[in-house]
Amino acid sequence: MSDLLNSTGRTPAAAETEMPADPARRRFVQLLSMGSLVIVAGPAGVRRLDAAERLTAALAGADPWSPVAYVIVQGDGMVTIVCHRSEMGQGIRTTMPMIIADEMEADWEKCRVQQAEGNEKKYGSQNTDGSTSIRDFLPKYREAGATVRALFEDAAAKQWGVKPGEVRARNHTVVHEASRRVTSYAALVASAATMGMPARDRIRIKKPAERRWQGRKMPSIDIVPITTGTAVFGADVILPGMKTAVIARPPVWGGKVVSVDDSDALKVPGVERVVRIPESKMPGAFLPLGGVAVVAKNTWAAIKGREALKVTWDNGPNATYESRAYKAQLQAAVKSAGQPGRKLGNVDAALASASRKLTSEYYVPHLSHAQMEPMVGLARVTSGSVEAWAPTQSPQDARATIAEFLKVGVDTVKVNVTLLGGGFGRKSKPDHVAEAAFLSREVGAPVRVQWTREDDIQHGYYHTVAAHRLEGALDAAGKVVAWRHRSAYPSISATFEANVTGPKPDELTNGASDIPFAIPNMSIEVCPAVAHARIGWYRSVNAIHHGFAIGSFVDELAHAAGKDPLQFLLALLGPDRKLDPTSEGVPAKGNYGASWSDHPIDSGRARRVLQLAAENAGWGKPLPKGRGRGIAVHRSFLSYVAMVVEAEVLPDGTVMIPRVTAAVDAGFVANPDRARAQMEGALIMAMSNTLYSEITFAEGHVVQSNYRDYNVTRMRAAPHVVDVHIVESEGLPGGIGEPGVPPAGAAIANAIFAATGVRVRELPVAKQLDGWKARTADSGSP
Amino acid sequence: MITLTVNGSRRTFDGDPAMPLLWYLRDELSLTGTKYGCGVSSCGACTVHVDGRPVRACARALSTMDGHSVTTIEGLHPKGEHPAQLAWREIEVPQCGYCQPGQIMEAAALLKTTPKPTDAEIDTAMNGHICRCGTYPHIRAAIKAASEKRS
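If you're matching them up, the sequences are chains X and D in order. With my numbering applied, the first sequence corresponds to residues 1 to 782, in that order. With my numbering applied, the second sequence corresponds to residues 1 to 151, in that order.
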């Protein structure tokens with residue numbers, strides 16, 4: 001059993017749980033951490049082990065055999081698949097094993113999953129971010145599984161004295177049909193472990209018809225622990241002698257402690273220490289904000305202790321940050337030319353000579369991830385080493401950040417990954433883990449740092465705030481002949497570098513400069529904006545505000561042209577074509593980390609998802625009075641998603657969204673059930689972003705503090721039908737976790753327009769419906 | 001001294017009577033299935049049953065718990081096979097799973113008082129629970145599936 005389980009005193013049953021009997025193969029088990037098992041395999045996918053490494057493994061007494069990264073085979077044939085990516089609800093701890101175990105012809109019941117510690121050399125990138133797990137690793141997982149399958153086949157062929165091509169692996173056995181011989185993987189492990197790695201032409205990825213689980217529905221491996229309360233999230237790891245800390249952080253980004261009176265805090269029963277955490281040099285990146293920690297026997301004492309602290313703060317250079325004034329600055333910024341991120345034709349001339357011109361401005365506020373599990377981290381610092389347990393999307397960054405903050409070597413830091421109670425990008429930033437490590441060293445005991453919900457809302461890495469100005473020109477036939485898009489928003493890079501005066505045009509590649517529209521004259525520009533808060537990526541990142549502004553403006557243009565929005569969009573996409581936009585000034589690297597040749601802008605894929613969503617939504621069919629449909633399509637994270645939203649606005653201004661139809665083309669989809677769940681989740685998160693949520697600043701600090709004033713989607717508003725259609729494809733995989741968000745915001749706003757005639761140009765929607773509410777109140781009915 | 005029953009076992013507590021039941025369950029009893037989400041009864045992640053009724057453990061001080069009986073997600077069913085738990089697996093409700101113990105405890109309480117809930121009754125009962133992953137449509141389906149299992 002892993003050392004996490006031993007050290008926490010948790011029984012193995014708590015973390016290694018067998019699935020209940022089920023017609024499906026449910027005996028896949030989860031195993032939370034790794035510790036005692038020796039992993040021999042190399043970096044990033046399949047790497048052949050050389051003789052020296054094999055010897056090292058043998059000397060280390062490595063009974064388990066690990067021919068490739070991610071796979072360990074026990075002497076009894078049991079298979080452990082090491083999941084190097086963090087699980088935050090996207091289902092990677094099920095999807096990754098589905099691919100590997102399928103390719104290796106394993107028996108699902110003889111497999112289990114172990115969560116990898118942070119180690120880039122062993123596992124490649126573990127930064128579970130940017131919707132990259134499958135799109136970056138599918139070929140590696142397939143090759144890993146196929147390599148192990150070939151090794152078992154080679155071992156069996158050798159044993160039987162037949163050619164490897166004559167035998168076939170089948171469900172944890174190898175079969176030689178000609179002689180009707182069968183042997184099990186268990187019986188072959190010892191011999192397979194001594195085989196040379198199979199020749200490259202022996203590593204054969206399965207054909208679609210041979211797949212057993214890839215592309216099908218499989219039960220989530222963590223579902224029993226989750227539904228019985230035994231799943232281990234960040235705050236659920238318990239170490240002997242552990243303390244809990246709650247921290248008073250500077251209320252304003254860049255603020256500092258001037259003085260602390262901790263006399264009352266230390267009187268709170270259970271409070272043991274009050275510890276200063278140094279403020280990090282601005283802008284601080286992933287480092288802790290600093291402040292004053294109250295370390296106590298339990299969480300409640302730490303919370304009460306912090307309430308009793310008297311801290312005087314110097315609020316620093318951002319003390320005057322105020323959202324209303326800043327909004328005006330952004331709106332002024334987009335009135336002047338910005339740095340171009342894509343340029344085609346002559347937009348000035350086309351706008352000047354157009355028969356009809358439309359200009360609209362949009363505004364999207366800051367957002368907080370508000371993931372259900374507030375930030376939490378646990379660390380134990382002993383002489384010479386640091387071990388941490390945390391719900392982190394990026395254990396490698398957590399290691400590096402701890403090492404930097406504590407000024408210790410990164411090799412002395414071990415980071416174990418628990419399940420994440422939501423991530424959405426917030427948990428890519430490991431400030432919380434570094435806080436725990438610092439405090440553990442200060443107090444000489446394991447320390448869990450528990451963020452309260454108020455801490456989480458008020459000390460986050462916020463989704464940026466953005467203003468957009470779009471200008472479009474229509475020719476006499478209602479065709480778009482010019483498109484100028486200017487946006488201004490504080491940049492994520494301001495969290496990492498000093499003196500950043502605004503986003504670089506690179507940020508436009510996240511859903512603004514990679515639009516698939518056929519417009520002869522385009523200028524897509526970004527305007528300056530200085531950050532006064534920690535900005536961080538939040539599910540789909542800039543594509544949230546880009547998608548909202550673009551999808552709304554297209555709808556406005558359609559109405560201005562007097563055309564049906566679907567027909568207008570189809571015309572805007574133009575003929576099916578594949579485009580590399582680098583000649584139009586889009587950076588070669590600005591394609592979500594992929595090449596433009598692998599993933600061109602493909603207007604045909606956008607068209608197909610648009611039509612698929614529209615057909616299934618019954619686009620154009622009559623709706624009950626008061627209800628309207630909105631449509632939008634967006635390319636992001638290398639996938640194409642269209643959404644049709646039905647909305648109805650109640651007389652009190654409540655927006656109801658009874659039905660949503662989505663279509664997604666993400667290339668090959670390994671786990672369609674979870675892909676559907678991601679589309680549903682993206683839609684509901686986009687409802688929060690669009691309808692309810694807003695972070696504002698006053699005197700430099702966040703005004704909102706909890707779910708009472710930071711509103712998110714709840715059950716009553718949730719759609720009753722979310723109908724998701726996945727384009728069947730063997731194409732290169734795109735992202736799944738994020739691409740559902742960008743079209744949803746615009747589709748919601750467009751549906752509200754269709755239902756009420758109110759065009760929403762500022763988020764959240766709630767405020768914008770005041771005029772409509774007043775009108776319906778006057779007339780007595782909507 | 002406060003005496004209460006937790007998942008069938010008698011417990012005593014003589015610490016700060018203002019301590020919320022949530023932190024007692026998690027920190028003192030290591031019953032970590034009950035989750036902290038907001039601390040102000042706004043999200044439902046900490047929902048347990050007190051004397052059979054759904055209660056937000058974050059807002060229930062131990063001083064009010066003397067003589068009361070608490071059931072947490074760990075004690076909902078001896079084998080973890082309450083109809084709601086089974087339905088949650090069948091419908092594959094969870095994404096990250098963090099809020100789901102609270103959702104299941106609320107659903108179990110609803111099904112006890114209202115074995116065949118309507119959509120409106122489900123929405124009313126569950127509206128106090130936040131799921132940021134957005135599993136609400138799956139939760140509705142699971143509650144209906146559990147309702148059918150019971151009948």
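Think of the CB as a built atom: it goes at the ideal place given N, C-alpha and C, for glycine as much as any other residue. Note that the structure is a prediction, hence the values are computed from the model and not measured.
query: Please check if any C-beta of chain X sits within less than 8 Å of the C-beta of Ile91/D.; result: no
query: Which of the three DSSP states is assigned to Thr12/D in this structure?; result: strand
query: Just how far apart, CA to CA, sit Glu454/X and Ile303/X?; result: 11 Å
query: Check whether the Cβ of Ile238/X lies closer than 8 Å to any Cβ atom in chain D.; result: yes
query: In angstroms, rounded to a whole number, what distance separates the CA positions of Pro733/X and Ile81/X?; result: 22 Å
query: Using 8 Å as the limit for Cβ to Cβ distance, is Asp66/D near chain X?; result: no
query: Taking 8 Å as the CB-CB limit, is Ala62/X close to chain D?; result: Confidence at Ala62/X is low in this model, with a pLDDT of 46, below 50, so its placement is unreliable and no value can be given for it.
query: Please tell me whether Leu31/X has its Cβ less than 8 Å away from any Cβ of chain D.; result: Residue placement at Leu31/X cannot be trusted, given a pLDDT of 34 that sits under 50; what the coordinates show is reported in the next sentence. No, Leu31/X lies away from the interface with chain D (no Cβ there is under 8 Å from its Cβ).
query: Please specify which runs of the beta strand (DSSP E), each continuous and at least 3 residues long, are wholly inside the segment 321–381 of chain X, giving them in chain order.; result: 339–344 and 356–364
query: By DSSP's criteria, Trp389/X is part of a beta bridge. Which residues make up the other side?; result: Leu378/X and Asn416/X
query: Span of the beta strand (DSSP E) holding Trp313/X?; result: Lys310 to Asp314
query: Can you pull the chain X neighbours of His129/D, defined as C-beta to C-beta under 9 Å?; result: Arg714 and Met715
query: Can you tell which of Ala332/X, Ala561/X and Gln567/X has its C-alpha closest to the C-alpha of Arg469/X?; result: Ala332/X
query: Span of the beta strand (DSSP E) holding Asn521/X?; result: Asn521 to Cys527
query: Quick one: Cα of Leu420/X to Cα of Glu87/X, how far?; result: 6 Å
query: Can you tell me where the alpha helix (DSSP H) holding Thr95/X begins and where it ends?; result: Ile92 to Glu103
query: Which bits of chain X does Thr72/D rub up against, with CB to CB less than 8 Å?; result: Gly229
query: Touch check for the segment 60–68 of chain D and the segment 16–32 of chain D: three-plus C-beta pairs under 8 Å?; result: yes
query: Would you list the residues sitting across from Phe424/X in a DSSP beta bridge?; result: BP columns for Phe424/X are empty, so no partner.
query: Leaving out the 5 sequence neighbours to the left and right, which residues in its chain are closer than 6 Å to Gly52/D when beta-carbon positions are compared?; result: none
query: Rounding to the nearest angstrom, what Cα-Cα distance links Ser353/X and Arg216/X in this structure?; result: 54 Å
query: Which residues in the same chain have their Cβ closer than 6 Å to the Cβ of Thr5/D, if we skip the five residues on either side of it in sequence?; result: Ser69
query: Taking only the alpha-carbon atoms, compute the straight-line gap between Ser636/X and Leu579/X and give it to the nearest angstrom.; result: 15 Å
query: Less than 8 Å between the C-beta atoms of Thr401/X and Ala434/X, yes or no?; result: yes
query: Say whether chain X places a C-beta atom closer than 8 Å to the C-beta of Pro94/D.; result: yes
query: Three or more C-beta pairs closer than 8 Å, one from the segment 169–180 of chain X and one from the segment 97–105 of chain X: is that the case here?; result: yes
query: Name the DSSP beta bridge partners of Pro54/D, please?; result: His49/D
query: List, in order along the chain, the chain D residues whose C-beta lies closer than 9 Å to that of Pro219/X?; result: Arg89 and Glu92
query: Beta carbons nearer than 9 Å to chain D: which residues of the segment 363–374 of chain X have them?; result: His369, Ala370, Gln371, Met372, Glu373 and Pro374
query: At 7 Å on the CB atoms, spell out the chain X contacts of Arg56/D, in chain order.; result: In chain order: nothing, as chain X lies at least about 12 Å away.
query: Does at least one heavy atom of the ligand FAD sit under 7 Å from the Cβ of Cys58/D?; result: Looking at this structure, you won't find the ligand FAD or any other ligand, since it has none at all.
query: Would the segment 222–231 of chain X count as touching the segment 262–274 of chain X if we require 3 or more Cβ pairs under 8 Å?; result: no
query: Among Lys310/X, Met282/X, Gly345/X and Ser220/X, which one has its Cα closest to the Cα of Val258/X?; result: Lys310/X
query: Please classify Ser66/X as buried or exposed, where buried requires at least 16 other C-beta atoms within 10 Å of its C-beta.; result: buried
query: Run through chain D and tell me which residues come within less than 8 Å of Asp673/X, C-beta to C-beta.; result: Glu92
query: Rounded to whole angstroms, what's the CA-CA distance from Lys163/X to His138/D? Just pull it up for me.; result: 51 Å
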